[in-house]
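Asks: Below is a structure I'd like to ask you about.
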Amino acid sequence: MMKLVTSAVVSAALLTGATLAQAEMHPEVWADDQSVAGGTVSAEKVMTDRNGWLVVHRTDESRAPGPVVGHAPLKEGENQDVTAILTEEVMAGDHLMLMIHGEEGGMQTGIFEYTLGASEDGPIRLDGDLVMTVITAQ
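If you count by mature numbering (1 follows the signal peptide of the UniProt record, and there is no 0), then the sequence shown holds residues -23 to -1, 1 to 115, one letter each, in order.
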């Protein structure tokens, strides 16, 4: 009987620890200014609490998201070296916003369906703020 109770306590502690670790994970994008001469842009690391997309938006000094110029899939958790192929020419000096979008609301799972302002595969927010970073193309 004691062995059964101990196993239950250990199992509950492990489950609680996993739940706390997931609850403490904050979505974030890590990326630096980089060359886009190869037609791609990369994030060193992306943390996300759901499957979705790393979406590359054009932006400017206002830091408002503009048109989408690339995207790459993300899995829930930690993603390393995420590379998006650019779908439009990006010049040195252009500002790019690398933003996390979810995989909710679209018609097809695994197909990026977002257009600027749409709800399908739209941006995720943390405390009301977009989860993103802005880089400068070199």
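Where a beta carbon is used, it is the ideal one built from N, C-alpha and C, also for glycine.
Nearest CA to the CA of G43: which residue from D26, A114 and V33?
Replies: When only C-alpha atoms are compared, the closest one is V33.
Asks: Return yes when the Cβ of L93 is within less than 8 Å of the Cβ of T36, no when it is not.
Replies: The answer is no: Cβ separation not under 8 Å.
Asks: Relative to the C-alpha of D106, which candidate in H78, Q115 and A69 has its C-alpha closest?
Replies: Nearest option by C-alpha distance: H78.
Asks: Let me know the secondary structure DSSP gives R102 once reduced to three states.
Replies: In this structure, R102 counts as strand in the three-state DSSP scheme.
Asks: Around the Cβ of V(-19), are there at least 16 other Cβ atoms within 10 angstroms (buried) or fewer (exposed)?
Replies: Any answer about V(-19) is weak, because its pLDDT of 41 lies below 50 and its placement is not dependable; what the coordinates show is given next. V(-19) should be labelled exposed.
Asks: What does a CB cutoff of less than 7 Å around T60 pick up in its chain, not counting 5 residues either side in sequence?
Replies: Excluding positions up to five away in sequence, the list reads T17, S19 and A49.
Asks: Going by C-alpha to C-alpha distance, which of V23, G83, S12 and A41 sits closest to D58?
Replies: Of the candidates V23, G83, S12 and A41, the one whose C-alpha sits nearest the C-alpha of D58 is V23.
Asks: For my contact list, T86 and V6 are in at a C-beta cut-off of 8 Å; report their separation, rounded to the angstrom.
Replies: Between V6 and T86 the Cβ distance is about 22 Å, and since that is not below 8 Å, they are no contact.
Asks: Could you name the residues that DSSP lists as bridge partners for M109?
Replies: Per DSSP, M76.
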